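Residues -31 to -1, 1 to 115 (mature numbering (1 follows the signal peptide of the UniProt record, and there is no 0)) are what the sequence shown spells out, left to right.
Glycine included, every Cβ here is placed at the ideal spot set by N, Cα and C.
As the structure is a prediction and not an experimental result, all values here were calculated from the model.
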Amino acid sequence: MAIKGLAAVGATIAVLTAGFGATLGTGTAEAAPNPSVRVCAVLAGKPYHGPLNLRSDDWWDIFGRTQNTAGNGCTEFRNVQAHKGYRAVVRVENMPCQHGLRPDGTWYRWGVRGERIGQSKRAVTKSTGRTDLGRMVVRQHYTQCF
């Protein structure tokens, strides 16, 4: 008797949850894909190979998301928020300054510091699908270390 009652309760819950899921339309086949952002980068006329950082317009999103580019210099950031402004940024130090210690115990720097710098245009994402930020130019910048 108790087993029949338990089975009836289980069947009722199964019918209710199936009906609730059908009402909400939560099937995986019907779900719209999340928006994504695509960007390509070139360095000296060739595809840029390295990290790209995706930044949004939100002031609290300080660091953003970082991904490396593919062989063609492009990358796609998936699952971004809809109707939000994004831009891709590159700022990578690829040649650090040299450091040395003087006989009197103070430190000094010498050499050349190299940095790769660039940013894409800003675009607002659609509700679904891919938003293209276009092709951005990355520049190699050198500064003297003192």
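| Query | Result |
| --- | --- |
| CA-CA distance, ASP73 and ARG91? | 50 Å |
| Relative to the C-alpha of TRP76, which residue among GLN67, GLN109, ASN63, ARG82 is closest? | GLN67 |
| Which residue marks the beginning of the beta strand (DSSP E) containing ASP27, and which one marks its end? | Neither: ASP27 is in no beta strand (DSSP E) and is coded neither H nor E. |
| Cutting at 8 Å between CB atoms, please list the residues of its own chain near VAL59, excluding the five before and the five after it. | ALA10, TYR17, GLY19, PRO20, LEU21, ASN22, ARG85, ILE86, GLY87, GLN88, MET105, VAL107 |
| What separation, rounded to the nearest whole angstrom, lies between the Cα atoms of ASP101 and HIS52? | 14 Å |
| Here's a check: name, in chain order, each residue in its chain whose Cβ is nearer than 6 Å to the Cβ of LEU12, leaving out the five neighbours to either side. | VAL107 |
| Could you check where the beta strand (DSSP E) with VAL6 kicks off and where it finishes? | 5 to 12 |
| In three-state DSSP terms, what is MET105? | strand |
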